[in-house]
Each structure stands twice: as structure tokens, then as C-alpha cells.
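In the numbering used here, the protein residues as written are 160 to 722.
These notes concern the structure reproduced below.
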């Protein structure tokens, strides 16, 4: 049976179908069409049905059918049994029970429902609306408390990490110094041994040529000189201090590296506090006034790149195809003739002391091992390698440039690529917002890796120094510091030291700029005869080797001192 009446074609429809109603069952209060009268009687056959024309209908209570006597409708309500009863029930099972008319009971039920509805509307719903507001306010308050705890948690995380990072930054700095002190004599010894091997190989060949010839040797004194090579150079090794970590009393953590000691002391876990007690020990600090250690004269027409190897030696290159290793006294120790037809683009030295250079015409980065030149990296077709930098971790950074013509306009795009185990692992060309980080142009990009992992880039096209972290996020920009000569900032080669400080040349202002690892200006170095400085490198003793192309000199400057 349909649950409600509906209108169709402007009239009232049958409750059993959608035809227009003609009849009405007063007994069941159902609208019926002529065809459905029989169907209605058949479905409820035991009950009597008062079928009348629709216009003669009576609206009255529909009594329920009796559950005990089929065909009978209940007309009363047994008060004792609390159930509807028919006439047969009153004279039978419910005989003697008090009964009330069903209509009266129905009115009482309706009144009770009205009262309940009024109470729900006027009191209960209002109560729960107020409770809902209270709960919402409580939720907001709890969320604020959660945010405060979250903020405090993040702040404590930052403080804890800062303390730990501070300790390990000191350890990293100390470790780099100790590594340099240990490797420097070994690299120097290795370079001497390689030089001896090359000299002896040449001498063996010369001796064999003499033995094959009948010509009396002009320089017969040379034969006896080979005795000087029978005693190898002394081993310059030193013992590396051990790294110790131990827990004290189950709460404190102690870390030692040589004379450096640091301790994390747990004061309160419930208060989210941890105090780090560190011994502020560093092996070096910046001097108030720098000292000129040496001035080295060279024969290059334009002294361009310089890359220190060990303590007292460096590879240098100019405008020709040769790269020469010189010592601090100006003596030439070794010369490498590059494979290309033109000068190499950039030079660097690996953490093992091996020479690396790039040739942009050949689109190749080479490495020199035991006097032999090996191909290390071949750049993609459209990119040409310019400057190179070998990092502390063993990676190689390569400045690459591509030339693209767009509507007769030539664009020279720059990027820096990181290679790890000869595989490209990172590209630096855009910032974290997708904006161009490195300006287009023909100028070189000089780069170095700091002790905190940042890549510091001297962009000569934009005349700016920018640092990015390992994810490529910009850490700082430096656009120069006005002083003295006050020419436009002209950044050139860039290096970092064991303190994490950034040093770069400024050719047009005849000086060096020194920044901290956050890009904050620290000092200017403008003495020691720095006339238009360009190339720059730092040796394992922390001394700066500055190339002066115009005067064909290298200035070795001491600006750090032991503490």
C-alpha cells in the first residue's frame, strides 16, 4: 500500500496505483480507484470493509486487526493487559478486565506525543544545542592547546637539533683539519714518489738508448746521480685520534675526538629540555690581521686557475694547454699537457690529491692518475663543461653551459651538475620556487661545497654570490660590501675553510671578501699586495693561495691561526 497520497492531473490518486481515486474505504482510510476495490478486499479478506464513494468518505480512527480473532477489528483497549482487544476478546479471554475505548486511548497517546514533542523542541533540543556549542568551544580550546604543545615540541626539536648540530659541526671542522694534517704529508710524499717514478722511467729509457749506441755519452756524470733515488722519502704519516662515544649513568651522552670533548646532559624529559655542555675547542680561528707567507712568480701570460694539493703545492693554469704543479718556493714540480687543442676550462683536486680538469671544446672532464690522463665525465651534447670543483665527500660539481637560439636571440643558459660515482645526482639551475637561479651569460660560475653541505656559487653574470642547500633551497645571497675603492662588486673564485667561512675574490676592488656560513659579511682582506686577484684556493694548512694574473704572481696568505 502506498504510504501517502499524491496528486496527479490535478486530482487525488489511488493509494494502490496511480489512477484517479473514485472510492474510499472508511474502515482502512484508503483511497481507491474502481479497479483496486476488489484487490483491496482480497488483500485484507478476513476484515470487513466499508467502501463508499470518495466524496462520502469519513475520516476516523483505523482500528488494528485483532491478533486472536481473524476478521475482527479491535474497538477497545484492555487496561490490565495493555493490548487492543475486539468484542470477542472482551467476552472471552479478557472477560472481567477493565477496558477503555480505543479512540480515547488514541487521543491520550496523541496528547502524550504532543507533550513529548513540545519537550523535545523546547528543552531537549535546546539543551543539546548548548552542549554542541560547549563541545565546539572545548574542541577549539583543545586544538589551541595542541598547537601550543606542537609549537613547543617543534621548538624543542629545533633546540635539540641545534645543540647536536653545533657539536657535530665542531667535530666536522676538527675532523677536516685533522684529515688535512694527516693526508697532507702523504699527498706530498705521493707527489714526490710519482715525480721520482717519472724521472726514473725517463732515465731508464735514456740509459737503454746509450747502451744501444756506440756514441760516447757527453754527460757521463748523470749515471752516478741515480744513487739519490735509492732512498725513498720518509713516510709523513701521523696517528689519527680515535672517535669515542659513551653513555654516562644511562642519561648523559659523551663524545670525544682527540682533545675535543662534548656532553649532552639530560635534565628533564617531562619538561622537554635537554642541555648540551660543549667544550668550545676549535683548532683554528681567524686572525685579526692577515700575514703574507710567500709571493710566487710564475711564467703564465694569464694566471687563471689554481688548485692546492697538500700543504705547499698547487696546480696552476693559464691561457695555454699546460697545467703545472708548483711549490711554495716557485719551483715547477710537474707539468701535464692536456689532450685538447685549447686551454682547459677549469681545474680542481680530488680529496685523494688527483688533478681534475675540464675541456669545454671536448665536452669532457678528465682526471690525471700516475701521469696518465683518463676521461672521467662526458657531458650531454648540448652542454659544455666550464669550471669544476671536487667536494670533500668525493663528488664532482661541474658548471655546464648550453647555447640556444630562440628567434635569432642567442641564450646561454647555465647550470651546476653534481656527479657522485660518475652518475649525475643533482642539477642546480632553479630555486625552490622554480625561478631561474643562475643568470644567463658567458661568464663562468665558480662553486665550492661548505662544511654544512651548502653549495656556494659565485655567479659572475649576475655579480652575486648565492648558496643553496642539498635540496636546492636558497640559503643566502651576497651582493658585495661597500668600502674603500667602491667599484662594482666583481666576484670571482670562491672557497670555504674549516670554519665554514666563505672566501671569494673581488678583482675590481683588489680584495677578498670573507663571509660566515650564513652569508653574513665578516671582513675584507685588501692588503698583502692583492692587485686584481682572480684565482683562489686553500691548502691543508688553511692558507689562501691567491692568483694575480696581471703581475703573474701567487700570494700565499695566512689568515687562520691555531688556538
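Here a beta-carbon is modelled for each residue, glycine too, at the ideal position from N, C-alpha and C.
Source: prediction; values computed, not measured.
Take the Cβ of residue i as the centre, count every other Cβ of all protein chains shown within 10 Å, and call the residue buried at 16 or more, exposed below.
i, result
"residue 436", "Note that residue 436 has pLDDT 37, beneath the 50 cutoff, so the model's placement of it is unreliable and no number is given."
"residue 257", "exposed"
"residue 469", "buried"
"residue 636", "exposed"
"residue 519", "buried"
"residue 672", "buried"
"residue 198", "exposed"
"residue 552", "exposed"
"residue 715", "buried"
"residue 707", "buried"
"residue 235", "buried"
"residue 220", "exposed"
"residue 302", "exposed"
"residue 647", "exposed"
"residue 438", "At residue 438, the pLDDT of 38 sits below 50, so the modelled position is not reliable and the matter cannot be decided from this model."
"residue 427", "The predicted position of residue 427 is uncertain, since its pLDDT is 40 and thus under 50; a value taken from the coordinates is nonetheless stated next. Exposed, because fewer than 16 other Cβ atoms sit within 10 Å of the Cβ of residue 427."
Tell me which residue opens and which closes the beta strand (DSSP E) that residue i is part of.
i, result
"residue 179", "Residue 179 -> no beta strand (DSSP E), and no H or E assigned at all."
"residue 476", "472-476"
"residue 592", "Here residue 592 belongs to no beta strand (DSSP E), and DSSP marks it neither H nor E."
"residue 564", "555-565"
"residue 466", "464-468"
"residue 573", "568-579"
"residue 610", "Unbroken run through residue 610: none, as it is neither H nor E."
"residue 601", "Counting along the chain, residue 601 falls outside any beta strand (DSSP E), and DSSP gives it neither H nor E."
"residue 505", "505-508"
"residue 585", "582-587"
"residue 673", "670-674"
"residue 537", "531-537"
"residue 680", "680-684"
"residue 545", "543-549"
Can you tell me which of the options puts its alpha carbon nearest to the alpha carbon of residue i?
i, options, result
"residue 669", "675, 678, 661 and 683", "683"
"residue 447", "348, 541 and 720", "720"
"residue 692", "678, 403 and 710", "710"
"residue 347", "624, 189, 513 and 227", "513"
"residue 495", "479, 294 and 488", "479"
"residue 415", "474, 286 and 333", "333"
"residue 540", "547, 341 and 559", "559"
"residue 476", "516, 488 and 489", "516"
"residue 631", "577, 660 and 646", "577"
"residue 262", "279, 244, 255 and 277", "244"
"residue 640", "679, 659 and 609", "679"
"residue 324", "688, 612, 254 and 700", "612"
"residue 456", "445, 443, 450 and 491", "491"
"residue 595", "554, 703 and 575", "575"
"residue 583", "535, 705 and 499", "535"
"residue 590", "614, 449 and 216", "614"
"residue 217", "200, 184 and 305", "184"
Given 6 Å as the limit, tell me if residue i has its C-beta closer than that to any heavy atom belonging to the ligand GTP.
i, result
"residue 502", "The model depicted lacks the ligand GTP and carries no ligand whatsoever."
What three-state label does DSSP hand residue i in the structure shown?
i, result
"residue 440", "Note that residue 440 scores 40 on pLDDT, short of 50, meaning its location in the model is unreliable and no value can be drawn from it."
"residue 344", "helix"
"residue 656", "coil"
"residue 521", "coil"
"residue 330", "helix"
"residue 430", "Residue confidence for residue 430 is low, a pLDDT of 36 falling below 50, so the modelled location carries little weight; the figure read from the coordinates is stated next. Residue state, collapsed to three classes: coil."
"residue 162", "Confidence at residue 162 is low in this model, with a pLDDT of 38, below 50, so the placement of that residue should be treated as unreliable; the coordinate-derived value is given next. In this structure, residue 162 counts as coil in the three-state DSSP scheme."
"residue 314", "helix"
"residue 629", "coil"
"residue 366", "helix"
"residue 459", "coil"
"residue 435", "With a pLDDT of only 36 at residue 435, under the threshold of 50, the placement of this residue in the model should not be trusted; the figure read from the coordinates follows. Three-state DSSP puts residue 435 in a strand."
"residue 353", "helix"
"residue 299", "helix"
"residue 697", "strand"
"residue 705", "strand"
"residue 447", "strand"
"residue 719", "strand"
"residue 213", "helix"
"residue 484", "strand"
Could you tell me whether the Cβ of residue i comes closer than 7 Å to any Cβ of chain D?
i, result
"residue 291", "Of the protein chains in the structure, only one exists, and it is not chain D."
From what residue to what residue does the alpha helix (DSSP H) around residue i run?
i, result
"residue 264", "261-278"
"residue 249", "246-250"
"residue 198", "195-202"
For the segment 502-512 and the segment 463-481, state whether three or more C-beta atom pairs, one from each stretch, are separated by less than 8 Å.
When C-beta atoms of the segment 502-512 are compared with those of the segment 463-481, three or more pairs fall below 8 Å, so the two segments count as touching.
*How about the segment 617-636 and the segment 567-587: do they share at least three Cβ pairs that are nearer than 8 Å?*
Short answer: they touch.
Item to check | Cβ pair count under 8 Å reaching 3, the segment 664-681 against the segment 645-653 | outcome: Verdict: yes, contact present.
Cβ contact check for the segment 205-212 and the segment 239-254: 3 or more pairs under 8 Å:
Because the criterion of three Cβ pairs below 8 Å is not met, the segment 205-212 and the segment 239-254 do not touch.
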